[in-house]
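Chemist: The structure is given below, and queries will be raised subsequently.
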Amino acid sequence: MAGIVETIQLAGVLIFAIPAAIAGIDFLVFRGEPLLGGALVGLAIALVAIEQYLTTPGDLPGAVASRAEDALTVEPDEEE
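Just so you know, the sequence shown maps onto residues 78 to 157 in the working numbering.
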């Protein structure tokens, strides 16, 4: 279930990041404005990176539950 939610959140971020990246590339390549183009490309990269790596309050219950499960369950020994 969390995989579906994460995918939808990523799609929402990409709705804003892709046009910013395309505009940035346009400014860099065709219009000759490297400062604005670089800023837009950097913004697009930052949007996706923050969405992927930033822990939000909505992520905390899942992280706590995962750690609790790891602490409470015992892996069976592998027999060779």
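Beta carbons: idealized from backbone N, C-alpha and C, even for Gly.
1. Kindly indicate which residue of Leu87, Pro134, Glu152 and Ala98 has the alpha-carbon position closest to the one of Leu162.
2. Using 8 angstroms as the Cβ pair cut-off and three pairs as the minimum, do the segment 103-123 and the segment 131-146 touch?
3. Rounded to whole angstroms, what's the CA-CA distance from Ala142 to Gln129? Just pull it up for me.
4. Locate the alpha helix (DSSP H) running through Arg108, then write down its first and last residues.
5. Using the three-state DSSP reduction, which class does Thr84 fall into: helix, strand or coil?
6. So the alpha helix (DSSP H) Gly139 belongs to, where does it begin and stop?
7. Buried or exposed: where does Gly101 fall if 16 or more other Cβ atoms within 10 Å of its Cβ makes it buried?
Modeler: If we stick to the structure as given:
1. Outside the shown range of the chain (78 to 157) lies residue 162, about which nothing can therefore be said.
2. no
3. 20 angstroms
4. Segment: none, Arg108 is in no alpha helix (DSSP H) and carries neither H nor E.
5. helix
6. Leu137 to Leu149
7. buried
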